[in-house]
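Count the sequence shown with my numbering and you get residues 151 to 213, in order.
Right, one structure below, let's go through it.
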Amino acid sequence: CRSFRGAIVSTSANLNGRPPALSAKQVQHEFADGDIDVILEGRLGGLEKPTRIIDALTGTVCR
């Protein structure tokens, strides 16, 4: 955020209570019955687990 000088918004590709999908194939499997038009496959930045999501107003860690 500091380098970008703005907020960065992200979403996880997972259903509530399920671990996040880490590949396009996992997304297709998890959301096989869903209404997904496009999956853009790309690098995840080398992280093995999701990063924290912090409420910018309160500083509360949401995830």
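For every residue, glycine included, the Cβ atom is placed at its ideal position computed from N, Cα and C.
The model shown is predicted, which means the values in this text are computed figures rather than measured ones.
Residues PRO170, PRO200 of the same chain have their beta carbon placed closer than 7 Å to that of SER162, with the five preceding and five following residues left out of the count. If the five residues before and after GLU180 are omitted, its C-beta is found closer than 8 Å to the C-beta atoms of ALA163, ASN164, LEU165, ARG168, ALA171, all from its own chain and listed in chain order. Between the alpha carbons of ASP185 and GLN178 lies a distance of about 11 Å. Under the DSSP assignment, GLU191 falls outside any alpha helix (DSSP H); it carries neither an H nor an E label.
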